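Reading the sequence shown from the start, the letters are residues 22 to 286 in this note's numbering. All C-beta atoms in this analysis are idealised placements derived from N, C-alpha and C, irrespective of residue type, glycine included. Source: prediction; values computed, not measured.
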Amino acid sequence: MSPSPFPRRGLPRWFGSVSLQGLQSRAMNCPKCHFTVEADSRFCKYCGASLAAGAAAATTEPMTPSNRGPASPSGAESTRADPFSAAAKETKPGDLHRDPAMEKDVWQGRPSWRAYYGTWFIWLVGVIVVLILVYRSTQPSESGWNLRDAAWLVAFASGVALFVRQFLVIYGQHFRLTTQRLFMNRGILSRVTDQLELVRVEDVRLRQGVVDRLVNTGRVEIISSDQTDQDLTLESIAEPAQVAEHIRRNVRGARGKGSLFVENV
22 MSPSPFPRRG
32 LPRWFGSVSL
42 QGLQSRAMNC
52 PKCHFTVEAD
62 SRFCKYCGAS
72 LAAGAAAATT
82 EPMTPSNRGP
92 ASPSGAESTR
102 ADPFSAAAKE
112 TKPGDLHRDP
122 AMEKDVWQGR
132 PSWRAYYGTW
142 FIWLVGVIVV
152 LILVYRSTQP
162 SESGWNLRDA
172 AWLVAFASGV
182 ALFVRQFLVI
192 YGQHFRLTTQ
202 RLFMNRGILS
212 RVTDQLELVR
222 VEDVRLRQGV
232 VDRLVNTGRV
242 EIISSDQTDQ
252 DLTLESIAEP
262 AQVAEHIRRN
272 VRGARGKGSL
282 FVENV
């Protein structure tokens with residue numbers, strides 16, 4: 022063989038030390054699990070966190086045996102926290118609609134007094150008409166009980182009865198919406214609670230009368246596939262359109278991300 026035209030030259034002795042120092046200077050700490058990874062990494066190889074946002078703020082630290090990451094299976098167990106368990110506990114957008122521990126309240130309320138303005142208006146008109154007829158058909162009496170006094174007593178008693186009835190209706194119901202369920206509480210002294218999983222909701226219907234549109238009240242009807250409570254109604258609530266939208270959004274969240282809910286197989 023003929024000798025190579027290019028003479029071999031040995032590498033300088035300082036080449037290995039310079040290369041090792043360069044690798045150490047290019048290491049950075051993960052802002053989440055605090056393990057040391059390469060500076061040009063986009064994601065942490067231990068916990069999977071994105072390193073794009075924390076690359077500028079991360080401090081540069083040489084890679085040493087104490088912070089180079091979890092030990093191999095054959096080695097001793099690391100005393101540091103497991104980054105995979107920390108990543109599993111990270112809050113995700115879908116957890117609010119699936120994880121029971123992440124369930125949060127979205128809305129709560131009860132029937133509004135404004136929904137009964139129409140009833141009070143009809144009562145007031147009826148009382149005025151009755152009093153006018155009584156006063157026109159009778160004469161004032163100077164002594165004793167007369168028909169006019171009886172008309173006033175009937176008007177007062179009917180007003181009290183109407184108020185008590187509406188008080189029991191309003192404070193005998195309470196509605197609570199969470200990211201996963203809808204609760205309906207009925208009763209004052211004794212209470213019955215119905216709960217509906219939002220994943221079972223099939224349709225939401227809003228009903229408003231003339232007076233309801235004037236005072237912004239109405240009823241929200243919920244149609245579901247639940248075997249016990251197929252149709253639930255939120256009666257006489259304020260701002261029903263906003264409540265219906267809250268239900269719709271959380272139903273979409275409970276059914277979202279490609280999940281398939283099978284009711285009967």
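### Contact the segment 177–195 vs the segment 134–154: 3+ CB pairs below 8 Å
yes
### Message
So, at 8 Å on beta carbons, what are the nonlocal neighbours of Ala70 in its own chain, with the 5 sequence-adjacent residues on each side left out?
### Response
Cys51, Pro52, Lys53, Cys54, Phe64 and Ala108
### Entirely enclosed alpha helix (DSSP H) segments - the segment 131–173, minimum 4 residues
138–158
### Query
In angstroms, rounded to a whole number, what distance separates the CA positions of Glu59 and Ala265?
50 Å
### Under the three-state DSSP convention, the category Gly274 falls into
helix
### Task
Please state if the CB of Gln201 and the CB of Val220 are separated by a distance shorter than 9 Å.
yes
### Task
Could you give the DSSP three-state label for Glu266: helix, strand or coil?
helix
### Paired residues, beta bridge with Glu59 - DSSP
Ala48
### Task
Keeping to the same chain, check which residues put their C-beta closer than 7 Å to that of Ala79; ignore five residues upstream and five downstream.
Bear in mind that the predicted position of Ala79 carries a pLDDT of just 43, short of 50, making it too unreliable to give a figure here.
### Task
Take the Cβ of Asp233 as the centre, count every other Cβ of all protein chains shown within 10 Å, and call the residue buried at 16 or more, exposed below.
buried
### Query
Who pairs with Met205 in a beta bridge, going by DSSP?
Phe196 and Asp215
### With 16 other Cβ atoms within 10 Å as the buried cut-off, status of Gln194
buried
### Message
Alpha carbons only, please: which of Thr57, Gln129, Arg157 and Leu183 is nearest the one belonging to Ile268?
### Response
Gln129
### Query
For His118 versus Gly239, is the C-beta spacing smaller than 9 Å?
no
### Message
For Leu227, list the residues DSSP reports as bridge partners.
### Response
Val241
### Message
Rounded to whole angstroms, what is the Cα-Cα separation between Arg186 and Val241?
### Response
22 Å
### Query
Of the residues Thr199, Asp120, Ser162 and Thr140, which one's Cα is nearest the Cα of Val272?
Thr199
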